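Only one structure is covered here, and it is reproduced in the block below.
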Ligand code: CDP
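In our numbering, the protein residues as written are 332 to 536.
Below, the structure written as structure tokens:
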């Protein structure tokens with residue numbers, strides 16, 4: 332059985348945490364597609380050419396433990412605006428989405444471009460301030476020196492770039508279920524997402 336859950340949304344909206352929890356709940360595989368762009372961004376910071384880096388993306392780069400920094404996020408968002416970079420990553424993502432046993436993919440264009448046929452599409456948002464607070468606490472816990480104001484400015488700049496690009500801009504698919512997590516705990520968001528998925532799974536039986 333293949334069953335694809337597409338989870339998109341802006342930076343630090345909670346997609347990652349939600350995707351992991353949902354995948355664990357249903358026993359589905361999970362792909363954080365942001366990590367692919369972060370890995371390409373990392374290689375570009377180290378001097379690689381973006382399209383080549385995407386075409387020959389190395390497993391070692393994906394496994395690096397320094398992909399979650401603000402610097403890499405910015406580099407990721409820049410390479411993600413290059414059409415040939417995105418193209419180079421399509422086949423891998425689509426194959427993952429269709430693996431048997433079910434898959435959850437989170438990113439920016441999963442419901443719109445990568446898997447327009449996904450059985451479930453969620454678009455996760457939260458207010459800018461709440462997203463900045465969550466990312467600030469995450470970075471602080473990892474020992475990075477930053478401020479709330481700096482994190483907020485970084486998120487806004489990245490969202491503006493991701494939304495304005497010509498290729499696969501950040502936007503909800505027409506048939507996506509929107510989930511605003513501003514006032515929700517992670518448990519509440521997971522409960523809501525699980526209910527949406529269960530409804531679709533039930534409809535297939
Ligand atoms: O964790 P966060 O939401 O901050 O970012 P991420 O999901 O790791 O994505 C990092 C960057 O990769 C984004 O700002 C996008 O520019 C890009 N990205 C994309 O263009 N398409 C995707 N499917 C996933 C990420």
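Where a beta carbon is used, it is the ideal one built from N, C-alpha and C, also for glycine.
Here the structure is a predicted model, which is why all the values come from computation and not from measurement.
- Between the ligand CDP and the CB of residue 442, the shortest heavy atom gap is not smaller than 7 Å.
- Taken in chain order, the complete beta strand (DSSP E) segments of 3 residues or longer contained in the segment 495-525 are 508-511.
- A distance below 6 Å between beta-carbons, with the five flanking residues on each side excluded, links residue 454 to the following residues of its chain, in chain order: 339, 340, 503, 507, 509.
- In the same chain as residue 477, and ignoring 5 residues on each side of it, the C-beta atoms closer than 6 Å to its own belong to 470, in chain order.
- By the C-beta density criterion, residue 441 is buried, having at least 16 other C-beta atoms within 10 angstroms.
- Distance from the CA of residue 443 to the CA of residue 499, rounded to the nearest whole angstrom, comes to 8 Å.
- Cβ-Cβ distances below 7 Å link residue 361 to 350, 351, 354, 435 in the same chain, with the five nearest sequence neighbours on each side left out; the list follows chain order.
- Taking a contact as a CB-CB distance under 8 Å, the pair residue 373 and residue 451 does not count as one, their CB atoms being some 31 Å apart.
- Contact between the segment 383-397 and the segment 418-428 is established, with three or more Cβ pairs separated by less than 8 Å.
- Around the beta carbon of residue 346, 16 or more other beta carbons lie within 10 angstroms, which makes this residue buried.
- Contact check for residue 446 and residue 522: beta-carbon distance about 24 Å, past the 8 Å limit, so the pair fails to qualify.
- In terms of Cβ geometry, residue 405 and residue 485 form a close pair [threshold 8 Å].
- For residue 517, the number of other beta carbons within 10 angstroms of its own is below 16, and it is reported as exposed.
- DSSP, read as helix, strand or coil, puts residue 413 in coil.
- By the neighbour-count definition (other C-beta atoms within 10 Å, threshold 16), residue 468 is an exposed residue.
- About 4 Å separates the Cβ atoms of residue 433 and residue 359, confirming a contact at the 8 Å cut-off.
- Beta-bridge pairing by DSSP links residue 438 to 339.
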